[in-house]
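The next block holds one structure in the form of structure tokens; read it before the comments.
Residue numbers (our numbering), protein chains in the order written: chain A, 2 to 167; chain B, 3 to 580.
Structure (structure tokens):
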């Protein structure tokens, strides 16, 4: 059995080496609010920046962050073409509340459901909120944990840096 | 074996030559580290008059993942030297707690090592890890995922679950370790993805089913323990436009265990939710019935040990200090629960909405017991007698025994560019005897209010004030309690809480807080829990130092939340990820 495992592992590594994948984002598939599959490694925004924020319905700083982001999102999009994906790490305790909360609060960004924390684990997120900024080539260029009032301004400065480079 | 090895190595070398460049380009290493350390001091004021030989507790982990295209592998090292107060003593130790290797090309995915996965909502299978709780029930074994056509996912897995640091032997003869093997299969079919005509349809549908079994060893001298226990579940998700409906039902054959008091009754669970949402409005109604559904890979397991399944509590999760003192947890032996959540935003530019809109939320949840009727056992009518069939239960009957109720209303409003306010009112009913097992303690009936006020001083600096109050309706100060009764009133009665936080983005946060049990019916319990905290955040690194008294609950400082146990002393948290 052990021999077989070793063989299998090695075979896997061989195939693994040949794969092509340029994005910094892991090969993890999540569902959006309509149940559609979204593979993170294939996420793209036509060369424009992407913001990935981890949140949960029970995390009050996350909700503050999202409310603040939502207030400026339209302006940010017009100026930089940025797209925000909010990854909910709510488990089955509270997944049913995610969509009504997102719609009820009128948030405009894309929301993905990480019900069993697959993406959270793959991206080494310990506590929400945790925000990543991804450039047009799929590279993670900035990240930050926690949110305090005004934190979105720092994020925007970083977005402007990479948006200008285009 | 050697022949195979040679071939593999040759293949590997060849492929390495072919793709050495892309190998370097594509390979990625990331990871995270966290250390939580506490230094404890004696504090007679809150009843800590003996440290029991424990001056410090340190919980730490380090995790490294390697990814290369379709291949990924990772290890997690853990150290509890010893574990912090409030964590299980079995955690004490150091070692490689977790490792895995996965290959997934979209059609087939294979994992060996420690597996975290979930079938449906978790009624029959869920393995996960929660650092702040010291909880990890990973399945060490193998998993295959096959996606034969678009929209269809088939999974199969088997293995043994993590039990703190117990070795993963086929079977060891330690009395405390009767862990069995867990095997499971799951299938999911998403019609919208597999049928092209439905790809962009307003109508959405997906179906799923799973079967999980455990093979355990009968080590009991009192009972005949079934060596194979199977559980099955089916689920359905439907959606049309703004509406969605989802349901899951699970059935488990008889599974006598320490949790259900060794009764031979089958288990059932049902959950259903209906929701409607459109921009500015969302509502969800959820119902749940659980009957004898504890499912562990060790029949002697207690608390959350070796849970194979997960029965989600469906009430609102409070994170503020006072309301989170009374958090409901699922009663796997039986409960009937319902929840209604409504979110509404009063639009911008209206009289009540103002310039920024006003966000309102309402939530109500209630949990009662199921109704149990007696069964015939050896010529006598009994209920829940060990060794018997336990009881019969009418599916839709609700007992008058209420475990929990929470009615809350929240308003969230940005008043101006600089001022933001959140306020919530909560009416709580909490049967402390059932939920926490405090025999004889009176039910908690409380009104709770909180106000969270943020003021932005300038672009970089802000102040936040949090005020909370908890008023118990039926437990009042001034009553003369018998010495023997006193213990039931620890942490009871009225509470006040205040927190002031000053932050400078993006790095610094300073806060002071006091939690005061001013209305405890027993005078000696009217304690202050005073804490001061400094936190520094740089990118994904967080350093937090706090000193003072900490009572149980969830604490959010510097914008990050975690649960903490009761203590007095100094706490240091350092975490980073890369």
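Glycine is no exception: its CB is placed at the ideal position from the N, C-alpha and C atoms. Being a predicted model, the structure only gives us computed values, none of them experimental.
Asked: Which residue or residues does DSSP assign as beta-bridge partners of residue 531 (chain B)?; Found: B:517
Asked: Between which two residues does the beta strand (DSSP E) harbouring residue 366 (chain B) extend?; Found: 360-372
Asked: So who's on the other strand from residue 35 (chain B), going by DSSP bridges?; Found: B:64, B:578
Asked: Once the 5 residues before and after residue 152 (chain A) are set aside, which same chain residues still bring their CB inside 7 angstroms of it?; Found: 66
Asked: Excluding the 5 residues flanking residue 527 (chain B) on each side, which residues of the same chain have their C-beta closer than 7 angstroms to its C-beta?; Found: 491, 492, 519
Asked: Three or more C-beta pairs under 8 angstroms: does that hold for the region 212-223 of chain B against the region 374-386 of chain B?; Found: no
Asked: Taking only runs that begin and end inside the region 27-102 of chain A, name each unbroken beta strand (DSSP E) of 3 or more residues, in chain order.; Found: 30-33, 38-40, 51-56, 84-89
Asked: Under 7 angstroms, do residue 93 (chain B) and residue 101 (chain B) count as touching if we go by C-beta distance?; Found: no
Asked: For the beta strand (DSSP E) that residue 2 (chain B) lies in, which residues bound it at each end?; Found: Nothing in the structure corresponds to residue 2 (chain B), since chain B is present only between 3 and 580.
Asked: Name the chain A residues whose beta carbon is nearer than 7 angstroms to that of residue 206 (chain B)?; Found: 35, 36
Asked: Interface residues of chain D around residue 87 (chain A) at Cβ under 9 angstroms?; Found: Of the chains in the structure shown, none is chain D; the protein chains are A and B.
Asked: Measure the beta-carbon distance from residue 156 (chain B) to residue 117 (chain B) and round it to whole angstroms, keeping in mind my assumption that it falls under 8 angstroms.; Found: So it is not a contact: roughly 16 angstroms between Cβ atoms.
Asked: Show which residues of chain B have a CB atom less than 7 angstroms away from the CB atom of residue 168 (chain A).; Found: Absent from the structure is residue 168 (chain A), since the part of chain A shown begins at 2 and ends at 167.
Asked: Where does residue 395 (chain B) fall in DSSP's three states?; Found: coil
Asked: Going by the CB atoms, is the gap between residue 164 (chain B) and residue 140 (chain B) shorter than 7 angstroms?; Found: yes
Asked: Say whether the region 234-247 of chain B touches the region 277-289 of chain B, bearing in mind that this needs 3 or more beta-carbon pairs closer than 8 angstroms, one atom from each stretch.; Found: yes
Asked: The region 135-147 of chain A: which residues have C-beta closer than 8 angstroms to a C-beta of chain B, in chain order?; Found: 143, 144, 145, 146, 147
Asked: Starting from residue 155 (chain A), find everything on chain B with Cβ-Cβ shorter than 8 angstroms and list it in chain order.; Found: 507, 508
Asked: Could you tell me the boundaries of the alpha helix (DSSP H) in which residue 436 (chain B) lies?; Found: 434-438
Asked: Is the beta carbon of residue 511 (chain B) closer than 7 angstroms to that of residue 537 (chain B)?; Found: yes
Asked: Do residue 396 (chain B) and residue 373 (chain B) come within 7 angstroms of each other at the CB atom, strictly closer than that value?; Found: yes
Asked: Nearest to residue 432 (chain B) by alpha carbon, out of B:443, B:423, B:193?; Found: B:443
Asked: Can you tell me the Cβ-Cβ gap for residue 90 (chain A) and residue 43 (chain A), rounded? I've got them flagged as a contact below 8 angstroms.; Found: Going by Cβ atoms, the distance from residue 90 (chain A) to residue 43 (chain A) rounds to 21 angstroms, so no, they are not a contact pair.
Asked: Using the Cβ count rule (16 or more neighbours within 10 Å means buried), how would you classify residue 76 (chain A)?; Found: exposed
Asked: Are the Cβ atoms of residue 93 (chain A) and residue 236 (chain B) separated by less than 7 angstroms?; Found: no
Asked: Where are the beta strand (DSSP E) runs, 3 residues long or more, that stay fully inside the region 284-352 of chain B, in chain order?; Found: 336-348
Asked: Quick one: what does DSSP say residue 412 (chain B) is sitting in, helix, strand or coil?; Found: strand
Asked: For residue 284 (chain B), which residues in chain A fall below 9 angstroms Cβ to Cβ?; Found: 98, 100, 101, 102, 103, 104, 105, 106
Asked: Start and end of the alpha helix (DSSP H) containing residue 119 (chain A)?; Found: 119-123
Asked: Could you name the residues of chain A that residue 361 (chain B) contacts, counting a contact when the two beta carbons are closer than 7 angstroms?; Found: 106
Asked: Around the C-beta of residue 149 (chain A), are 16 or more other C-beta atoms found within 10 angstroms, so that it is buried, or is it exposed?; Found: buried
Asked: Okay, do the region 23-33 of chain A and the region 96-108 of chain A touch, 3+ Cβ pairs below 8 angstroms being the bar?; Found: no
Asked: Secondary structure at residue 386 (chain B), three-state DSSP: helix, strand or coil?; Found: coil
Asked: Does the CB of residue 2 (chain A) have a neighbour CB from chain B at under 7 angstroms?; Found: Note on residue 2 (chain A): pLDDT 49, under 50, position unreliable in the model; the coordinate value appears next. Residue 2 (chain A) does not count as touching chain B.
Asked: To which residues of the same chain is residue 128 (chain B) closer than 7 angstroms at the C-beta, ignoring the five residues directly before and after it?; Found: 120, 311, 312
Asked: Looking only at its chain, what residues have a beta carbon closer than 6 angstroms to the beta carbon of residue 607 (chain B), apart from the 5 residues adjacent to it on each side?; Found: Within the shown structure, residues of chain B are numbered from 3 to 580, placing residue 607 (chain B) beyond reach of any answer.
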